[in-house]
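These protein sequence lines are chains A and B, in that order. Position 24 (the first sequence) corresponds to 82 in the numbering used here; numbering is contiguous. Position 13 (the second sequence) corresponds to 383 in the numbering used here; numbering is contiguous. Cβ coordinates follow ideal geometry from the N, Cα and C atoms, glycine included. Comments concern the structure below.
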Amino acid sequence: MSELDRELARRLAELRRTDEAGAPSFRQVLERPRARRAASVTWSPLRLALAASALVFIALVALLVHRPPDGLSVAQGVRSLAEWKAPTDSLLRTPGSELFDSVPQFSLAPVTVSGESAHPGQRKKGVSP
Amino acid sequence: MASGEIEAELERLHGAGFAWALACCRHDREEASDVLQTSYLKILDGRAAFAGRSSFKTFLFGVILKTAQEARRRNALRSLLLQNWSRRREEPATSREPEDRIALLSALARLARRQREVLDLVFAMGLTVEEAAQTLAISVGSARVHYDRGKKRLARLLGSGGRS
């Protein structure tokens, strides 16, 4: 043990001996009355008002946080969300977009290109079958 | 341990227990007596059971420390809401107290809580650092760090008259 340790041990042990010497007896501690020390307790009106205000504030915040928007119930809110249409939906309708909604139909009639018939068997110009 | 044996052990360690309760309660005698009584009742009615994993002294000191911490929390909440400063007020040093005792108490009050507790347990209560770690429910390594730093700081404070 260093000199410092010895000095600290001596002083703290002395402190403990003094505390022990002034201790009430074991029986006195075990059997002391357990009544609350209420005589020195007083309610300050200001502190009471502050505590009440804090409780009211907390209750208001809780109500605001959990209130459904625009007075709607939760179920009503879900339905209105499903029916909602974006205001810019019209910008998505581009010219010719109706082509994507149907399957094109091909005609069996011959297609005439520059006076020639594209019918099979009529390969030469002006030659008819 | 039988109930009679437990009571006999408590009575045997009563002086040391009171000194430790005082250290845990910032030397408020009334609070220390309340804490010590509550600790005794907890042990005697089985709410705090000695399992034999440490010495009975270490176990008792641990119960006293925990009870003092609970009392401090209750008092802090109560004094926050109520105009009751008598429990929180430090017992003023009177001119009847020896000066070196006042200086030592003042220096101890300036240490970090864990450092003060480890030094009290090791130097004043005669526990080893390992037993102090068990009482405080911290690791032995942490207890050694608190012990070393607490010792150096306490020596500095006592050397400078508690001013630094």
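Any Cβ of chain B closer than 8 Å to the Cβ of F115(A) would place that residue at the interface, and such an atom is absent.
For E61(A), the nearest beta carbon of chain B is not closer than 8 Å to its own beta carbon.
For Q485(B), none of the residues of chain A pass the 8 Å Cβ criterion, the least Cβ distance being about 12 Å. In the same chain as L528(B), and ignoring 5 residues on each side of it, the C-beta atoms closer than 8 Å to its own belong to A473, L474, A477, in chain order. With fewer than 16 other Cβ atoms inside 10 Å of its own Cβ, M371(B) counts as exposed. Just measuring C-alpha positions, the residue of L383(B), H516(B), I508(B) sitting nearest K427(B) is L383(B). The beta carbon of E141(A) does not come within 8 Å of any beta carbon belonging to chain B, so the residue lies off that interface. T76(A) carries a helical assignment under DSSP once its states are collapsed to helix, strand and coil. The beta carbon of H516(B) does not come within 8 Å of any beta carbon belonging to chain A, so the residue lies off that interface. Proximity of R471(B) to chain A, defined by a Cβ-Cβ separation below 8 Å, is satisfied. Scanning V515(B), W390(B), A402(B), D404(B) for the CA closest to the CA of L70(A) turns up W390(B). Apart from the 5 residues on each side of it in sequence, Q485(B) sits with its Cβ closer than 7 Å to the Cβ of H516, R519, G520, R523 in its chain, given in chain order. In this structure, DSSP gives T146(A) a state outside helix and strand, which the three-state scheme calls coil. G154(A) is classed as exposed because its beta carbon has fewer than 16 other beta carbons within 10 Å across all chains shown.
If you draw a 10 Å sphere on the C-beta of G374(B), you find fewer than 16 other C-beta atoms in it, and that means exposed.
In terms of Cα proximity to F388(B), the closest of E379(B), L406(B), E401(B) is L406(B). The straight-line gap separating the alpha-carbon atoms of D147(A) and Q163(A) is approximately 29 Å. For the segment 79–90 of chain A, the residues whose beta carbon sits under 9 Å from a beta carbon of chain B are, in order, A79, G80, A81, P82, S83, F84, R85, Q86, V87, L88, E89, R90. At a cut-off of 8 Å between beta carbons, L66(A) contacts chain B.
For chain A, the residues of the segment 489–523 of chain B that bring a beta carbon within less than 9 Å of one of its beta carbons are L489, D490, V492, F493, A494, M495, G496, K521, K522, in chain order.
Contact between S403(B) and V119(A) does not hold, since the beta-carbon distance rounds to 43 Å and is not under 8 Å. With a threshold of 8 Å between beta carbons, L392(B) makes contact with chain A. The Cβ neighbour count for Q504(B), taken over all protein chains shown within 10 Å, is at least 16; the residue is labelled buried. Looking from the CA of A446(B), the closest CA among R399(B), C395(B), A421(B), S425(B) belongs to C395(B).
Of the residues A167(A), F84(A), R68(A), the one whose Cα lies closest to the Cα of D470(B) is R68(A). Contact annotation: A441(B) and E377(B) have beta-carbon atoms that are not nearer than 8 Å.
By the Cβ-count criterion, L149(A) is exposed, with fewer than 16 other Cβ atoms from all chains shown falling within 10 Å of its own Cβ. With respect to R514(B), V499(B) sits close: the two C-beta atoms are nearer than 8 Å. Note on geometry: alpha-carbon atoms of S424(B) and R74(A) lie some 23 Å from one another.
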